[in-house]
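There are 2 protein chains.
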Amino acid sequence: MRLVPTILCGGAGSRLWPVSREQHPKPFIRLADGQSLLQKAFLRGAELNGVDEILTVTNRELFFKTEDEYREINQAKLATSYILEPFGRNTAAAIAAAALHISKKHGPDTLMLVLAADHLIADQAAFEQAVSEAIALAKREKIVTFGIQPDAPETGYGYIEASGNKVLRFVEKPSLATAQTYLDSGNFLWNSGMFCFMAGTILQAMEQHCPEILASTKVCMEQSRIAQADGFSQLELDADSFAAIPDNSIDYAVMEKSNHVAVVPCDIGWNDIGSWDSLGNLTVPDEQGNRLDGQTMLHKVENCYIQSKGRMVGVVGVSNLIIVDTPDALLVVDKSHTQDVKHIYAALKAKGHTAHKSHLTVHRPWGTYTVLEEGPGFKIKRIEVKPGASLSLQMHHHRSEHWIVVNGMAKVLNGDHEFLVSVNESTYIPAGHMHRLENPGVINLVMIEVQSGAYLGEDDIVRFQDKYGRCQVGQAQK
Amino acid sequence: MRLVPTILCGGAGSRLWPVSREQHPKPFIRLADGQSLLQKAFLRGAELNGVDEILTVTNRELFFKTEDEYREINQAKLATSYILEPFGRNTAAAIAAAALHISKKHGPDTLMLVLAADHLIADQAAFEQAVSEAIALAKREKIVTFGIQPDAPETGYGYIEASGNKVLRFVEKPSLATAQTYLDSGNFLWNSGMFCFMAGTILQAMEQHCPEILASTKVCMEQSRIAQADGFSQLELDADSFAAIPDNSIDYAVMEKSNHVAVVPCDIGWNDIGSWDSLGNLTVPDEQGNRLDGQTMLHKVENCYIQSKGRMVGVVGVSNLIIVDTPDALLVVDKSHTQDVKHIYAALKAKGHTAHKSHLTVHRPWGTYTVLEEGPGFKIKRIEVKPGASLSLQMHHHRSEHWIVVNGMAKVLNGDHEFLVSVNESTYIPAGHMHRLENPGVINLVMIEVQSGAYLGEDDIVRFQDKYGRCQVGQAQK
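Given below as structure tokens:
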């Protein structure tokens with residue numbers, strides 16, 4: 000029986016600002032070992048017996064970025080398929096779409112293993128053991144949820160009261176006192192948000208318990224188009240009909256109603272990295288209890304977590320602080336208040352400040368660009384183009400561009416003229432000239448671009464041709 | 000009788016790291032009104048009646064930077080003269096050199112007003128009144144010190160016990176309990192480090208109380224050369240003979256020994272800005288007691304000072320913190336530990352970390368350069384050249400340079416060829432080419448330089464000609 004790990008990659012991770020941003024959400028956070036949470040989720044599914052395909056449900060803006068993440072670590076060359084949402088619509092819609100897609104593609108008895116893209120599971124062997132158990136139950140038409148053995152009276156999770164694999168009841172996030180009684184009783188598990196079932200089983204349950212979600216998702220699927228390219232397939236969900244799907248969680252819509260639900264209690268080193276406190280705790284502390292990731296100089300400092308990728312951080316006479324430094328934004332938070340970081344994110348978003356949305360380094364299908372400096376009449380970017388990739392054929396009305404290659408080789412179309420530019424060479428694209436930049440080589444092209452002009456907004460771009468389908472109106476991306 | 004304000008500009012200001020650096024010490028710190036402490040010291044002297052010249056004693060590495068500061072605010076076009084030290088040698092040597100210089104230039108009865116470059120005096124009228132009083136005493140051959148009326152039992156200053164203008168005794172930095180008794184008694188003043196005397200008076204006192212300092216300073220002055228240019232004169236002290244002058248403070252060497260000493264008690268809003276706490280307190284607090292200078296987003300934050308010139312600083316759940324952000328280094332310190340910031344500076348210096356020495360923006364006689372990014376094989380700088388200024392005629396063995404003008408006009412010599420480069424134009428200087436960059440215009444030239452090469456150190460430079468006298472061996476500055 001085929002098993003398709005289905006990764007749900009959504010949510011902002013606003014409590015992990017400033018590393019997490021709207022366009023760089025929590026699953027893309029990299030841990031000290033260099034892997035992102037998303038990559039870890041991919042490998043978690045990929046390493047299971049007999050898996051040959053990973054399905055990912057995510058926002059369509061994150062597609063290229065997600066595929067970049069997978070490409071880095073997908074050594075087994077598993078097929079990657081995508082369901083791309085125009086916006087977030089909670090877990091019931093995502094799972095309905097995934098189940099309809101898988102059922103149609105591989106048949107209704109295909110097993111789905113629903114995984115979150117932003118959890119950490121330290122014990123892969125125990126996880127695989129739990130999945131085996133879940134599969135056995137799923138084959139018997141059970142809707143299986145994974146229940147984590149609690150080791151603390153957490154108030155941030157829902158709980159499942161269980162007896163063996165039998166679910167007695169789901170309970171909402173409890174008070175601390177209630178959570179303590181749950182922990183003491185030994186019969187309560189954390190609701191992890193991971194599931195296992197046959198596609199047909201969950202569809203049948205939705206038919207019964209939330210028929211309007213299923214029906215509207217079916218309509219949306221019919222309105223949506225599948226694109227196929229380079230070993231991956233993408234189903235891009237139609238925005239209007241997607242908006243018509245009721246917003247609900249799979250827990251409310253199905254789990255709490257169905258009597259086919261079963262639970263696999265497990266102890267797998269699960270961590271949902273809900274705050275900087277739990278992310279910081281992944282770094283080994285020194286003798287003063289300080290967990291340091293980056294250049295630091297400390298004097299009379301205890302029990303702090305400091306992350307700084309570029310700059311020197313000097314800290315004096317403090318304890319229990321978390322300091323997270325990024326190129327354009329800095330966070331200083333007391334360990335007792337890490338949950339409140341979401342208020343900073345929300346306030347920045349409300350103000351329209353870019354620091355909630357994107358980093359200085361912006362991911363594009365062809366690679367990345369990083370704004371190094373903006374001044375009156377000029378903007379400087381470092382542009383990195385992946386081997387074989389190319390930017391769209393484009394033109395700017397208001398800015399000229401000076402390009403200097405500092406690594407790799409560029410193939411440049413400038414007006415009618417096509418030519419190569421190699422390291423330590425430069426070229427000049429006058430405003431109004433149609434141009435294209437391409438990396439014809441096998442190593443990254445790194446180029447410094449100095450833009451000059453009275454208007455330097457990203458939306459001064461006319462696209463004539465684009466291999467990533469970005470010629471539509473309103474796609475103001477390079 | 001001529002009065003020459005004499006500004007002593009020395010000391011690192013290591014407690015004000017990371018804004019203060021070895022090459023950008025405390026006097027250069029800018030306050031919220033845009034003026035540096037040094038500029039304020041200059042104006043303090045310049046605004047006195049009848050002053051037509053300001054003498055500054057400083058490190059020779061700070062000469063161009065100091066002159067830049069003065070030029071910005073020297074609207075009265077006072078003459079500026081300099082005594083340039085090869086390294087710091089305490090106040091006795093500096094004052095001896097200044098007094099010898101002034102005595103020779105204007106006669107021994109010339110009045111000197113010795114001012115520190117890094118103090119703040121809020122009440123200029125009260126200051127001028129105190130200076131008048133000091134001048135009257137100085138004319139009667141007194142060595143006058145300014146004693147600040149204390150308003151707190153400070154343990155970081157020396158005290159003067161006084162009766163009217165009479166000094167009863169100087170006392171070292173006291174314990175807190177002793178400081179409190181001083182404050183309560185009403186007879187004790189803070190020793191401010193400002194003095195007034197005739198040049199001949201202090202030279203006579205040095206002859207009597209520290210003849211070896213005076214004699215060795217005289218030897219040094221004879222070995223030193225005076226340069227004269229563009230309305231300022233510089234006496235560059237000879238390093239070997241300067242090193243032979245005993246290291247002592249004017250307090251130890253003269254004040255505590257002479258019976259010609261007088262004190263002017265004054266209440267002038269004096270602040271020596273000894274720490275981030277006192278610097279932060281210059282900013283007006285909001286209702287939560289937070290003093291904010293820059294982009295911030297706060298949640299449950301009280302009594303903090305935050306300075307950030309470029310980046311967004313999010314702070315959650317903390318109080319009594321000081322956060323100071325600069326492009327390459329960040330400081331987080333509890334208000335109770337601001338004196339300890341010097342340990343961070345010292346540790347960085349011991350490690351040879353550049354963050355103790357210079358900012359990303361480096362001042363040169365011709366303007367500034369700012370390193371925007373360094374990567375494998377390339378380095379990007381923003382170069383700003385003042386009107387009429389030019390870099391030396393130079394050559395690099397290992398790096399080529401791409402220059403793109405984004406503001407103003409450049410005059411470029413590249414090999415044998417001289418030409419103009421205007422906004423949105425570029426040029427290329429291959430490795431091995433002799434070249435010079437000049438700003439022939441009347442507005443700042445701003446240029447982006449992309450360096451390319453296997454070695455990009457600042458010491459890969461051969462200077463053929465330099466209008467700032469930097470052709471000597473070992474001057475590895477652009």
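Note that the protein sequences, when read in sequence, are chains A and B. When the letters of the first sequence are read in order and numbered with numbering that gives the first Met the number 0, they come out as residues 0 to 477. When the letters of the second sequence are read in order and numbered with numbering that gives the first Met the number 0, they come out as residues 0 to 477. A virtual CB, placed ideally from N, CA and C, is assigned to each residue, including glycine.
- Interface criterion not met: the Cβ of residue 356 of chain B is under 9 Å from no Cβ in chain A.
- Short of 6 Å from the beta carbon of residue 5 of chain B, and not among the five residues preceding or following it, lie these beta carbons of its own chain, in chain order: 54, 97, 111 and 113.
- Of all residues in the segment 8 to 39 of chain B, only 16 and 17 place a beta-carbon less than 9 Å from a beta-carbon of chain A.
- Closest option to residue 213 of chain B, judged by alpha-carbon separation, among B/460, B/95 and B/30: B/95.
- Within the same chain, Cβ atoms closer than 7 Å to the Cβ of residue 338 of chain B are found at 14 and 274, the five residues on either side in sequence being excluded.
- Taking 9 Å as the cut-off, the Cβ atoms of residue 36 of chain A and residue 30 of chain A count as close.
- Within chain B, the residues placing a beta-carbon under 8 Å from that of residue 427 of chain A are 425, ordered along the chain.
- According to DSSP, residue 304 of chain B shares a beta bridge with B/290 and B/321.
- For residue 166 of chain B, the uninterrupted beta strand (DSSP E) segment begins and ends at 165 to 170.
- In the structure shown, residue 111 of chain B falls within a strand segment according to DSSP collapsed to helix, strand and coil.
- With 16 or more other Cβ atoms from the protein chains shown falling within 10 Å of its own Cβ, residue 465 of chain A counts as buried.
- Taking all protein chains shown into account, residue 46 of chain B has fewer than 16 neighbouring C-beta atoms within 10 Å of its C-beta and is therefore exposed.
- For residue 455 of chain B, the secondary structure class from DSSP, reduced to helix, strand or coil, is coil.
- Taking the CA atoms as reference points, residue 276 of chain B sits about 44 Å from residue 221 of chain B.
- Cα atoms of residue 144 of chain B and residue 193 of chain B: separation of roughly 6 Å, rounded to the nearest angstrom.
- Buried is the label assigned to residue 310 of chain B, since at least 16 other Cβ atoms lie within 10 Å of its Cβ.
- Neighbours of residue 359 of chain A in chain B, taken as residues whose beta carbon is under 8 Å from its own, are absent, since the nearest beta carbon is some 10 Å off.
- For residue 201 of chain B, the nearest beta carbon of chain A is not closer than 9 Å to its own beta carbon.
- The residues 149 and 152, in chain order, have a CB closer than 6 Å to that of residue 182 of chain B in the same chain once the five nearest residues on each side in sequence are set aside.
- Contacts with chain B at 9 Å (Cβ-Cβ) include residue 377 of chain A.
- When Cβ-Cβ separations below 9 Å define contact, residue 314 of chain A makes contact with chain B.
- Between the alpha carbons of residue 304 of chain B and residue 133 of chain A lies a distance of about 54 Å.
- Note on residue 454 of chain B: under 16 other CB atoms within 10 angstroms of its CB, so exposed under the neighbour-count rule.
- Residue pairing by DSSP puts residue 197 of chain B in a beta bridge opposite B/110.
- A direct Cα-Cα distance of roughly 7 Å separates residue 115 of chain B from residue 8 of chain B.
- Within the segment 389 to 409 of chain B, 399, 401, 403, 404, 405 and 406 place their CB atoms closer than 9 Å to a CB of chain A, listed in sequence order.
- In the DSSP annotation of this structure, the continuous segment of the beta strand (DSSP E) that includes residue 463 of chain B starts and ends at 461 to 464.
- In the three-state scheme derived from DSSP, where H, G and I count as helix and E and B as strand, residue 141 of chain B is classed as coil.
- Judged by DSSP in its simplified three-state form, residue 265 of chain B adopts strand.
- Taking 8 Å as the upper bound on Cβ-Cβ separation, chain A lies near residues 427, 445, 447 and 449 of the segment 427 to 449 of chain B.
- Rounded to whole angstroms, residue 435 of chain A and residue 370 of chain A show a C-alpha spacing of 20 Å.
- Here residue 336 of chain B is buried. Its C-beta has 16 or more other C-beta atoms within 10 Å.
- Contact with chain B is absent for residue 100 of chain A, since none of that chain's Cβ atoms lies less than 9 Å from the residue's Cβ.
- When the beta-carbon positions are compared, residue 255 of chain A and residue 200 of chain A stay at least 9 Å from each other.
- With a threshold of 9 Å between beta carbons, residue 337 of chain A makes contact with chain B.
- According to DSSP, residue pairing for residue 402 of chain B in a beta bridge involves B/426 and B/448.
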